[in-house]
Amino acid sequence: MQQISILSLVMDASLMVQLVMAGLVLMSVMSWAVIIKKIAILGSARRNSEEFERTFWGGADLNRLYEDVTRRQDSMGMERIFQSGFAEFLKLRGRNGAELSDIMDGSRRAMRAAAQRELDSLDRHTSFLATVGSVSPYIGLFGTVWGIMHAFIGLGNAGQATLSTVAPGIAEALIATAIGLFAAIPAYVAYNRFATDVDRLAVRYDTFMEEFSNILQRLATR
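Each residue of the sequence shown is one higher than the one before, starting from 1 at the first, in UniProt numbering.
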């Protein structure tokens with residue numbers, strides 16, 4: 001009895017099914033590239049927040065901390081929120097006749113804008129993972145339907161249907177669905193995980209902005 005391998009089934013599949021498989025493999029490779037990159041970026045953002053909070057709440061001088069963050073080229077996350085808020089605070093407080101409400105509103109707006117930029121950067125390309133997770137199974141299903149249809153057309157032309165003649169065509173068609181699921185499941189799981197991580201960082205940034213605003217308000221009234 002002739003052994004049937006997955007590779008031989010892929011190579012013997014119709015051109016449309018092969019194109020579907022190739023597209024799904026490409027989507028899977030791209031999604032894994034995004035997943036690996038996002039793991040590194042979000043991990044760096046979490047470590048940055050933890051290290052900056054330790055320094056900030058460890059009694060660091062705000063002016064010196066601001067100078068250190070400004071000099072650094074690799075500042076990110078909470079550091080940039082602090083930098084934007086404190087820079088706007090210093091600028092507005094230096095104006096003659098500046099009201100406390102104007103100083104605080106300006107500082108909060110600067111921090112919110114910086115936080116939104118950081119969150120947008122962290123959330124970049126996650127929509128691609130959502131697309132891969134939701135679309136890949138349907139693309140694989142299309143390849144399967146096309147392959148089965150092609151197989152039955154071939155059987156109709158042959159005029160005789162046996163298990164040995166039907167099985168290869170059905171198997172090669174089902175491979176497209178398997179590849180679609182292989183591409184979709186990791187992308188969907190990663191998307192949910194990254195969305196949760198970004199939401200946690202957003203809450204962390206919001207908390208820091210509120211606490212830092214209270215500190216700036218006390219400084220402004222001195």
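All C-beta atoms, glycine included, are put in the ideal place defined by N, C-alpha and C.
It is roughly 15 Å from the alpha-carbon of Ile-39 to the alpha-carbon of Phe-128. Taken through DSSP and simplified to helix, strand or coil, Arg-124 comes out as coil. The three-state reading of DSSP puts Trp-146 in helix, counting H, G and I together. Counting the other Cβ atoms within 10 Å of the Cβ of Glu-172 gives 16 or more, which makes it buried. Ranked by Cα distance from Met-78, the options Arg-54, Asn-63, Gly-106, Leu-92 are led by Arg-54. For Glu-53, the enclosing alpha helix (DSSP H) stretches over residues 15-56. The closest CA to that of Ala-190, considering only Glu-99, Asp-61, Leu-119, Thr-126, is found on Thr-126.
Judged by DSSP in its simplified three-state form, Arg-64 adopts helix. Here DSSP, grouped into helix, strand and coil, assigns Asn-96 to coil.
The Cβ atoms of Asp-197 and Leu-24 lie no closer than 8 Å to each other. A direct Cα-Cα distance of roughly 44 Å separates Leu-122 from His-150. Contact between Met-76 and Asn-48 is confirmed by a C-beta separation of about 6 Å, below the 8 Å threshold.
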